[in-house]
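S.K.: Protein chains in written order, with our numbering: chain G, 1 to 306; chain C, 307 to 638.
#1: Using only the alpha-carbon positions, how far apart do residue 364 of chain C and residue 408 of chain C sit?
#2: Counting pairs of Cβ atoms below 8 angstroms between the region 489–508 of chain C and the region 534–541 of chain C, do you hit three or more?
#3: Rounded C-beta distance between residue 167 of chain G and residue 251 of chain G? I'm assuming under 8 angstroms.
#4: Is there at least one Cβ from chain C nearer than 9 angstroms to residue 119 of chain G's Cβ?
#5: With 16 as the cutoff for other CB atoms within 10 Å, does residue 91 of chain G come out buried or exposed?
#6: Pick helix, strand or coil for residue 362 of chain C, following the three-state DSSP scheme.
#7: Residues in the same chain with beta-carbon distance under 7 angstroms from residue 274 of chain G, minus the five sequence neighbours each way, listed in chain order, please.
#8: Assign residue 489 of chain C to one of three DSSP states: helix, strand, or coil.
#9: Excluding the 5 residues flanking residue 291 of chain G on each side, which residues of the same chain have their C-beta closer than 7 angstroms to its C-beta?
#10: Quick one: grab the DSSP three-state call for residue 526 of chain C.
#11: Find the nearest neighbour of residue 417 of chain C within the set C:442, C:429 and C:426, judged by alpha-carbon distance.
#12: List the residues of chain G whose Cβ lies closer than 7 angstroms to the Cβ of residue 362 of chain C, in chain order.
#13: Residue 504 of chain C versus chain G: which residues are under 7 angstroms apart at the beta carbon?
#14: For the ligand ZN, I want to know if residue 124 of chain G counts as a neighbour, meaning its beta carbon is within less than 8 angstroms of at least one of the ligand's heavy atoms.
#15: Rounded to the nearest angstrom, what separates residue 72 of chain G and residue 89 of chain G at their Cα positions?
#16: Can you find a C-beta in chain C that's less than 9 angstroms from the C-beta of residue 70 of chain G?
#17: In angstroms, rounded to a whole number, what distance separates the CA positions of residue 367 of chain C and residue 501 of chain C?
#18: Just verifying my parser: in three-state terms, what is the DSSP assignment at residue 582 of chain C?
#19: Taking the straight line between their C-alpha atoms, what separation do you get for residue 486 of chain C and residue 458 of chain C?
#20: DSSP has residue 397 of chain C in a bridge; who is on the other side?
#21: What in chain C is Cβ-close to residue 77 of chain G, meaning under 9 angstroms?
#22: Name the chain C residues whose beta carbon is nearer than 7 angstroms to that of residue 246 of chain G?
#23: What residues are listed by DSSP as bridge partners for residue 439 of chain C?
#24: Please identify the residue among C:517, C:381 and C:453 whose C-alpha is closest to the C-alpha of residue 473 of chain C.
#25: Tell me whether residue 562 of chain C sits in a helix, a strand or coil according to DSSP, three-state version.
#26: Mind checking if residue 615 of chain C is an interface residue toward chain G, Cβ cutoff 9 angstroms exclusive?
#27: Could you tell me which whole beta strand (DSSP E) segments of length 3 or greater appear in the region 453–480 of chain C?
#28: In angstroms with no decimal places, state the Cα-to-Cα distance between residue 621 of chain C and residue 571 of chain C.
#29: Report yes or no: is there a C-beta of chain C within less than 9 angstroms of the C-beta of residue 271 of chain G?
#30: Could you list the residues in the region 523–538 of chain C with a C-beta less than 9 angstroms from some C-beta on chain G, going in chain order?
#31: For residue 619 of chain C, which residues does DSSP report across the bridge?
#32: What residues from chain C crowd round residue 241 of chain G, counting only those whose CB sits closer than 7 angstroms?
#33: Identify whether residue 544 of chain C lies in helix, strand or coil by the three-state DSSP scheme.
#34: Output the boundary residues of the beta strand (DSSP E) element that contains residue 228 of chain G.
#35: Taking its Cβ as the centre, do 16 or more other Cβ atoms sit within 10 Å of residue 433 of chain C, making it buried, or is it exposed?
#36: Considering only residues of the same chain and omitting the five flanking positions on each side of residue 605 of chain C, which have a CB-CB separation below 6 angstroms?
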């Protein structure tokens with residue numbers, strides 16, 4: 001490439017162009033941040049009063065109900081000021097546990113096999129192509145598949161287990177791709193060094209390569225998990241409930257989850273529901289952001305520079 | 307990396323905003339909420355007095371079906387839980403049709419329905435040997451609404467509504483509906499074709515020919531409210547509850563079905579044309595079940611208070627008496 005072609009115009013002109021380009025880039029970033037901030041501000045300003053039980057206590061004391069109810073622990077209600085997110089919160093926690101327990105072995109296992117052991121042939125290329133395609137399948141499709149496979153075929157019913165496994169399928173392709181990238185980032189010298197010292201292939205991979213790739217793999221998994229808990233459509237199609245008056249106590253219990261609850265509240269005609277659904281959104285946002293923060297911490301703590 | 311830093315920064319920021327919020331703030335809105343709470347709690351306490359929980363019931367009740375009936379069943383379940391905390395109740399929202407798909411094979415015990423069961427679903431239930439009882443629990447008064455800036459279309463006849471909504475209708479201006487109306491373009495809003503509200507409206511208004519399809523459709527009634535109120539020539543239809551909550555922005559069109567102009571509120575006296583019955587279907591397999599029996603008994607007791615509280619119209623006395631005696635025959 002001939003550099004002189006790029007250096008057209010006077011120096012001043014070029015500097016001006018650079019400034020204009022930078023300004024455009026800054027504007028792009030600002031639009032994204034302002035949109036996000038407006039959304040977050042809107043949700044927090046309408047929802048915080050409902051999230052803090054003090055607000056409710058004041059009202060409730062006026063009408064002398066024995067048990068002041070807390071948003072995070074009480075059941076859903078027809079009254080927006082009494083409605084709590086308890087069972088949905090518990091349902092989401094159950095989903096998270098099941099998704100973690102099933103995604104970690106499956107995702108890491110598949111990634112290690114594909115990256116470290118699988119021969120490079122047509123079959124593996126076909127699998128890789130499928131994984132990339134699966135990552136782009138609309139989430140509703142996974143809901144229908146969960147209904148057919150876990151609810152009906154496996155006989156788990158419309159339980160929190162079926163829901164968790166459905167979400168696992170949803171994020172598995174993303175997690176596998178992210179884990180493979182993490183494994184790929186481990187320099188080949190590590191493998192060769194271990195092999196040169198007489199370790200078997202198995203020892204080289206599980207004692208050297210995988211531990212070095214763990215931060216990247218965990219980050220991918222946590223980000224996948226954040227996506228999973230924000231999903232509504234696959235759960236609704238799989239047959240999750242909308243109102244339950246109990247906390248799920250076994251993996252086979254029926255359940256509802258925070259996004260379903262929020263979706264249901266927003267559809268009500270009474271304007272007070274807006275505060276209540278915003279409070280639900282804040283809780284979901286809080287969960288998501290804390291998980292992203294967790295991914296960040298893990299990454300910073302264990303990341304290695306080669 | 308930077309993205310992650312940014313999100314964690316957001317987390318901290320959001321926590322700060324929550325923490326700094328003034329929790330003692332009480333606006334005038336909140337006071338009206340308080341008043342509502344007063345009336346509702348007195349209602350609850352009378353319920354508790356009239357039916358003290360003598361024996362504690364334990365068991366499970368599985369309910370699914372219509373999103374229209376959901377608020378009623380949910381509210382009944384909520385009150386029932388206060389009396390019987392050990393009964394597990396779950397209510398899903400799969401739509402009336404989706405509800406029957408689970409009800410007939412025996413996956414649920416009670417099905418919410420915003421229309422009567424269709425032949426196809428009756429056949430499905432017969433295949434699975436599921437017998438059932440249909441119980442009406444309330445009425446939804448479909449409200450035909452216009453923005454409050456519309457001062458001409460206060461009352462429309464069924465024929466005029468048909469003229470506007472029928473398939474292939476060419477009506478595009480209010481003046482084509484009645485010559486006295488101004489020449490304002492008509493802007494139509496309604497529910498999607500999957501909705502029971504759509505089915506009922508078209509059964510009553512457009513009949514066999516069916517509905518035109520060139521209108522703005524949404525499953526979210528709050529979207530329809532915003533659409534109609536934001537357009538001078540707007541016209542839409544949805545359940546009474548969404549009109550009642552938006553009376554400041556919307557007017558309900560009175561409907562004339564040959565007996566004079568009637569507002570949707572006339573449904574309380576049984577005089578409104580677009581009043582549709584809401585049902586629950588109860589499987590015969592659970593009629594011996596003490597928990598389900600107690601729940602349905604309680605449903606009848608609570609419906610006079612709960613149905614209007616969630617924005618629907620209670621049944622007339624004789625309708626309720628009929629439904630109750632049908633249930634008592636079924637369960638005994």
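All C-beta atoms in this analysis are idealised placements derived from N, C-alpha and C, irrespective of residue type, glycine included.
M.R.: On the basis of the data shown:
#1: 23 angstroms
#2: yes
#3: The Cβ separation is near 14 angstroms, so there is no contact.
#4: no
#5: Classification for residue 91 of chain G: buried.
#6: coil
#7: 46
#8: coil
#9: 222, 225 and 226
#10: Here residue 526 of chain C sits in coil by DSSP.
#11: C:442
#12: Taking a Cβ-Cβ cut-off of 7 angstroms, residue 362 of chain C has no neighbours in chain G, whose nearest Cβ is about 15 angstroms from it.
#13: Simply none; closest approach about 16 angstroms.
#14: Within the structure as shown, the ligand ZN is missing, as the structure has no ligands at all.
#15: 7 angstroms
#16: no
#17: For residue 367 of chain C and residue 501 of chain C, the gap between their C-alpha atoms comes out near 26 angstroms.
#18: strand
#19: Residue 486 of chain C and residue 458 of chain C: Cα-Cα distance of roughly 9 angstroms.
#20: In DSSP, residue 397 of chain C forms a bridge with G:243 and C:369.
#21: 380, 381 and 384
#22: 394
#23: In the DSSP secondary-structure assignment, residue 439 of chain C is bridged to C:588.
#24: C:517
#25: Annotated three-state conformation of residue 562 of chain C is strand, per DSSP.
#26: yes
#27: 461–463
#28: 13 angstroms
#29: yes
#30: 525, 526, 527, 528 and 531
#31: C:445
#32: 396, 397 and 398
#33: strand
#34: Membership of residue 228 of chain G in any beta strand (DSSP E) is not indicated; the residue belongs instead to the alpha helix (DSSP H) covering 210–229.
#35: exposed
#36: 382
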